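When we follow the numbering used here, the leftmost residue of the sequence shown carries the number 154, and every step to the right adds one.
C-beta: ideal position from N, C-alpha, C; glycine also.
All figures in this text were calculated on a predicted structure; none of them were measured in a lab.
Okay, structure first, notes after.
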Amino acid sequence: MLKVAVLGHGTVGSGVYEVFEKNAAQIAHTVGEPVEVKYVLDLRAFPELHYADKFVTDFEIIEKDPEILAVAEVMGGVGAAYAFSKRCLRAGKSVCTSNKELVAAHGEELLAIAKEHNVNYLFEASVGGGIPLIRPMIQCLAANQLQEICGILNGTTNYILTEMIRNGVSFDDALAEAQRRGYAEKDPTADIEGHDACRKICILADLAFGDKIDPEQVSCEGITQITLEDVAAARRMGYAIKLVGRAKRTEAGKVYACVAPHLIPETNPLASVEGVFNGIQVTGDMVGEVMFYGRGAGKHATASAVVADMMDALLHREKRRPIEWGNGAQELLLPLDDLVSAWYVRGEVDDALARCKTEGAAITIPMTVAERNAKLPHAEGAMRVL
Ligand code: HSE
Numbered sequence: 154m155l156k157v158a159v160l161g162h163g164t165v166g167s168g169v170y171e172v173f174e175k176n177a178a179q180i181a182h183t184v185g186e187p188v189e190v191k192y193v194l195d196l197r198a199f200p201e202l203h204y205a206d207k208f209v210t211d212f213e214i215i216e217k218d219p220e221i222l223a224v225a226e227v228m229g230g231v232g233a234a235y236a237f238s239k240r241c242l243r244a245g246k247s248v249c250t251s252n253k254e255l256v257a258a259h260g261e262e263l264l265a266i267a268k269e270h271n272v273n274y275l276f277e278a279s280v281g282g283g284i285p286l287i288r289p290m291i292q293c294l295a296a297n298q299l300q301e302i303c304g305i306l307n308g309t310t311n312y313i314l315t316e317m318i319r320n321g322v323s324f325d326d327a328l329a330e331a332q333r334r335g336y337a338e339k340d341p342t343a344d345i346e347g348h349d350a351c352r353k354i355c356i357l358a359d360l361a362f363g364d365k366i367d368p369e370q371v372s373c374e375g376i377t378q379i380t381l382e383d384v385a386a387a388r389r390m391g392y393a394i395k396l397v398g399r400a401k402r403t404e405a406g407k408v409y410a411c412v413a414p415h416l417i418p419e420t421n422p423l424a425s426v427e428g429v430f431n432g433i434q435v436t437g438d439m440v441g442e443v444m445f446y447g448r449g450a451g452k453h454a455t456a457s458a459v460v461a462d463m464m465d466a467l468l469h470r471e472k473r474r475p476i477e478w479g480n481g482a483q484e485l486l487l488p489l490d491d492l493v494s495a496w497y498v499r500g501e502v503d504d505a506l507a508r509c510k511t512e513g514a515a516i517t518i519p520m521t522v523a524e525r526n527a528k529l530p531h532a533e534g535a536m537r538v539l
């Protein structure tokens, strides 16, 4: 019997326990022997649960138990989760996480500690919830130089936008429902202001380009300024408005990265990604464009990815998964304003474009931000067109 522990019993943590319990036979078959969740760490007690006896409040019990081979860190945040992850890795335990904030902020350090102690630090669930994405990028696309990643990376905002577009639901009502369904972060600001998507695109860029892209330095815009008028205007022109995370390598090896609402042509498959689903397009120099699609948030979808990582960690105890990226010293990030795009704008425009006056228009001449400001000085609500 192999023993593991779960740090945190929130939405994802309780899901991790349930996945281990429900699919115990299949997990045992794949790993080669049964796996038992020996401890669940949480400051709260859950006396009503049939596994109430597994709960501990003292992290040291887990840290000091040599039987524990792998730990699910599903606490979130960069406080205790950061400290406990380091201590687990140093104690020779693999750590598997859904914590995008921690991976984006300190992934390179945690991966280096994992390497030093010959254990795994795995984070499939940190981007795209239950969608297989990170492992395919590392393994199946390994023979490619990755050139661009572009995706809908936040289920909450995609759910809200879909409700606005399809059902005319107000922003506040759609957000409340996303929270009720367990999609949203504890503080939904991280979702609606784009910070969650920003952390995710940075993790993917770190992996794809080999050096840390700091979320603090990436241009990040959320969906709070999008109006129902924008949504309707985009639809009339054959576009859907989506919150998109992008990271693109230039020929010189530098990187543009951003999170912002974009107009996506209805012919692009990303435009059809609706509700809580995420869709991520990855472009490699040999394979061309591939797309990953599935449930980007939610208890069981995310937990299934955490558990799969734990199974992988248990299977790779001798020869760990080699994942790493640099500490940012390469300074890959370029100023976003220089990225040439077509634009959507609304507002007062000159006579030649008077027909666009109240409706907004997609200007399909590629321009930098400076060029756009010169040509359309009074434009409002500017969004890039994908
Ligand atoms: N709040 C996140 C989302 C959860 O809505 O996508 C999954 O990372």
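Short check: CB of residue i to CB of residue j, under 8 Å?
| i | j | result |
| --- | --- | --- |
| I291 | I476 | yes |
| V412 | A450 | no |
| G260 | D359 | yes |
| E316 | A329 | no |
| R288 | E301 | no |
| L294 | G437 | yes |
| A400 | A361 | yes |
| T183 | M464 | yes |
| G428 | L306 | no |
| A456 | V193 | no |
| V159 | V190 | yes |
| D344 | G481 | no |
| V231 | E254 | yes |
| W496 | A535 | yes |
| I557 | V384 | Outside the displayed range of the chain (154 to 539) lies residue 557, so it cannot be described from this structure. |
| V538 | H415 | yes |
| E374 | A393 | no |
| K156 | E220 | yes |
| E442 | V498 | no |
| N297 | R473 | no |
| A257 | R352 | yes |
| A410 | I354 | yes |
| R470 | L222 | yes |
| L529 | V435 | no |
| A233 | N252 | no |
Check for me: the beta strand (DSSP E) holding residue i runs from which residue to which?
| i | result |
| --- | --- |
| C303 | 299 to 305 |
| F445 | 441 to 448 |
| I376 | Element bounds for I376: n/a, residue is neither H nor E. |
| R537 | 533 to 538 |
| V157 | 155 to 160 |
Looking at the secondary structure, which residues open and close the alpha helix (DSSP H) in which residue i lies?
| i | result |
| --- | --- |
| E524 | 522 to 528 |
| K175 | 164 to 175 |
| K191 | Counting along the chain, K191 falls outside any alpha helix (DSSP H), though it belongs to the beta strand (DSSP E) covering 188 to 194. |
| E226 | Where E226 is concerned, there is no enclosing alpha helix (DSSP H), although the beta strand (DSSP E) it sits in stretches over 221 to 226. |
| E404 | That residue, E404, is in no alpha helix (DSSP H); it is neither H nor E in DSSP. |
| K205 | Note that residue 205 is Ala in the sequence shown here, rather than Lys. From DSSP, A205 is part of no alpha helix (DSSP H); its letter is neither H nor E. |
| V429 | Unbroken run through V429: none, as it is neither H nor E. |
| D383 | 381 to 389 |
| E213 | 212 to 216 |
Quick check: does the Cβ of residue i come within less than 7 Å of any heavy atom belonging to the ligand HSE?
| i | result |
| --- | --- |
| N252 | no |
| G449 | yes |
| N526 | no |
| Y446 | no |
| E382 | no |
| T309 | yes |
| D349 | yes |
| A337 | yes |
| D325 | no |
| D344 | yes |
| G437 | no |
| G282 | yes |
Are any of the Cβ atoms in chain C nearer than 8 Å to that of residue i?
| i | result |
| --- | --- |
| D438 | Annotation note: the requested chain C is absent from the structure, which comprises a single protein chain. |
How close, in whole Å, do the beta carbons of residue i and residue j come, if the pair is a contact with beta carbons under 8 Å?
| i | j | result |
| --- | --- | --- |
| T250 | V227 | 7 Å |
| L242 | S372 | Contact doesn't hold; Cβ gap of about 32 Å is too wide. |
| N273 | A466 | 4 Å |
| N431 | G282 | 7 Å |
| I366 | L486 | 6 Å |
| L275 | I376 | Not really, about 30 Å apart at Cβ, beyond 8 Å. |
| N311 | K395 | 7 Å |
Can you list the alpha helix (DSSP H) stretches of 4 or more residues lying completely in the region 230 to 308, in chain order?
DSSP runs (the alpha helix (DSSP H)) wholly in the region 230 to 308: 233 to 243, 253 to 269.
Write down every uninterrupted run of the beta strand (DSSP E) in the region 455 to 501 whose length is 3 residues or greater and which is fully enclosed by it, in chain order.
494 to 499
Which ranges would you report for the beta strand (DSSP E) in the region 299 to 371 if only whole runs of at least 3 residues count?
299 to 305
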